[in-house]
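Each remark here refers to the structure printed beneath this line.
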Amino acid sequence: MILQAKQLGLIRLVACAEQRLPERRVDGEMTSLRIEEILVVHTHDGTHLIGPGGLIHLVRDDAHAIDAIADASALRTMCQPWRRDA
1 MILQAKQLGL IRLVACAEQR LPERRVDGEM TSLRIEEILV VHTHDGTHLI
51 GPGGLIHLVR DDAHAIDAIA DASALRTMCQ PWRRDA
């Protein structure tokens, strides 16, 4: 985790070649900015090849899984929904 705040998280995701990151959901919206190589992102609306400099936006509760074709990395920004009790 690079940054963790009440509603914002920033992590560097590193995936090894041929690694599959299982399906998951995030409570809020998320963006993923590819830094190196290509990642395959599977979402409800299809399969997306995201190369270096590519950006994908996922809405709240959007299930996604990731396959790394080669060693790859990305910056993921997660925005958690605002809660009055937070």
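Be aware that the sequence shown starts at 1, since it is given in UniProt numbering, and climbs by one per residue.
Every residue, glycine too, gets a C-beta built ideally from N, C-alpha and C.
The structure presented is a predicted model; accordingly, all values stated were derived computationally and were not measured.
Apart from the five residues on each side of it in sequence, which residues of its chain come closer than 8 Å, Cβ to Cβ, to residue i?
i, result
"Leu8", "Thr77, Met78, Cys79 and Gln80"
"Ala65", "Arg20, Leu21, Pro22, Glu23, Arg24, Val41 and His42"
"Ile47", "Just to set this straight, residue 47 is Thr in the shown sequence, not Ile. The residues are Val40 and Val41."
Between the alpha carbons of residue i and residue j, how many angstroms are there, rounded?
i, j, result
"Ile11", "Ala17", "19 Å"
"Asp62", "Ser32", "13 Å"
"Ile38", "Lys6", "31 Å"
"Val14", "Ser73", "4 Å"
Should residue i go down as buried or exposed, given a rule of 16 or more other Cβ atoms within 10 Å for buried?
i, result
"Arg60", "exposed"
"Val41", "buried"
"Leu55", "exposed"
"Met30", "buried"
"Leu3", "exposed"
Apart from the five residues on each side of it in sequence, which residues of its chain come closer than 7 Å, Cβ to Cβ, to residue i?
i, result
"Leu75", "Leu10, Arg12, Leu33 and Ile35"
Please name the residue in the options whose C-alpha comes closest to that of residue i.
i, options, result
"Ala68", "Leu49, Trp82 and Val26", "Leu49"
**Item:** Contained beta strand (DSSP E) runs [length at least 3] in the segment 37 to 73, N- to C-terminal order
**Value:** Taking 3 residues as the shortest admissible run, the segment 37 to 73 contains the following complete beta strand (DSSP E) segments, listed from N- to C-terminal end: 39 to 43, 46 to 50, 55 to 58 and 64 to 68.
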